[in-house]
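Data block below; observations after.
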Amino acid sequence: MNYINLDGIGEKISRLRKEQGVTIRELSEYTGYSVGFLSNLETGKNSPTVESLQRVAEALRTDIIEILTKEKQHHTVIRKNERSVFDHPRYKMTIETLDFGYDKQIYEFITIDPGAEEKGIVSRHLFPEVCTVIEGVLTIEVEDSVYTLEEGDSIYIPEKSAHRIYNLGDKKVVTYWVFQKTK
1 MNYINLDGIG
11 EKISRLRKEQ
21 GVTIRELSEY
31 TGYSVGFLSN
41 LETGKNSPTV
51 ESLQRVAEAL
61 RTDIIEILTK
71 EKQHHTVIRK
81 NERSVFDHPR
91 YKMTIETLDF
101 GYDKQIYEFI
111 TIDPGAEEKG
121 IVSRHLFPEV
131 CTVIEGVLTI
141 EVEDSVYTLE
151 EGDSIYIPEK
161 SAHRIYNLGD
171 KKVVTYWVFQ
181 KTK
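Structure below.
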């Protein structure tokens, strides 16, 4: 498996910020993070949390996936051990990304360990998403509604809809997500 290189994330954030003509001070105002924190993030002197990456991505009018995915490469086949993998130990989940590089379509396997929930993290993306439960039982909150999905169930999440995912059971949950990047 190819683990995502966190060292390159700061450089990517810096490049995206400069491409949009946003100063580090403006990014600080948009995100609520200090200039020092953002500077250290861009230079790789500190490690970002999922929450900080999400806030920075939203301020730069992009998505966290755009920041986390590697530069475009075209693939016809992606072997299981070649997937980009991002572990979230704090949230007890692992994201395996399949980006074939030919279009904006992205596919992800998200494995959620028992008892995991995105405490305090409300995801909100600039694109719609579809999630199918492959294994286990997933609880998902979309806006003000809560859904329990079992193996084979799918859900459509409209763009810009606030959502959180939970595994309240005692077995792992494996989900398959499909969405399009905005750029």
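If you read the sequence shown in the UniProt record's numbering, its first letter stands for residue 1, the second for the next number, and so on. Where a beta carbon is used, it is the ideal one built from N, C-alpha and C, also for glycine.
Same chain, Cβ closer than 6 Å to Tyr166, neighbours up to 5 away in sequence not counted: For Tyr166, where only same-chain residues beyond five positions count, the Cβ hits under 6 Å are Glu117 and Thr139.
Cβ-based burial, His74 [other Cβ within 10 Å; buried from 16]: His74 is exposed by the Cβ-count criterion.
Rounded straight-line distance, which links the Cα of Ile95 to that of Gly44: 22 Å
Segments of 4+ residues assigned as alpha helix (DSSP H) that fall wholly inside the UniProt domain "HTH cro/C1-type" (13 to 67): Contiguous alpha helix (DSSP H) elements confined to the UniProt domain "HTH cro/C1-type" (13 to 67) occur at 24 to 31, 35 to 42 and 50 to 59, taking only those with 4 or more residues.
Contact belief for Glu108 with Thr97 at Cβ below 8 Å, rounded distance in angstroms: 5 Å
Three-state secondary structure assigned by DSSP to Arg90: helix
Whole-angstrom distance between Phe86 and His163, CA atom to CA atom: 20 Å
Rounded C-alpha distance that separates Glu135 from Thr111: 9 Å
Bridge-paired residues (DSSP) for Gln105: Gln180
Buried versus exposed, by CB contacts within 10 Å (16 or more), Asp103: exposed
Three-state class that DSSP yields for Ile112 in the structure shown: strand
Proximity of Val178 and Gln105 at Cβ, strictly below 9 Å: In this structure, Gln105 lies closer than 9 Å to Val178 by Cβ.
8 Å CB neighbourhood of Ser154 in its chain, flanking five on each side removed: Val130, Cys131, Thr132 and Val133
Residue range of the unbroken beta strand (DSSP E) whose run includes Glu129: Glu129 to Glu135
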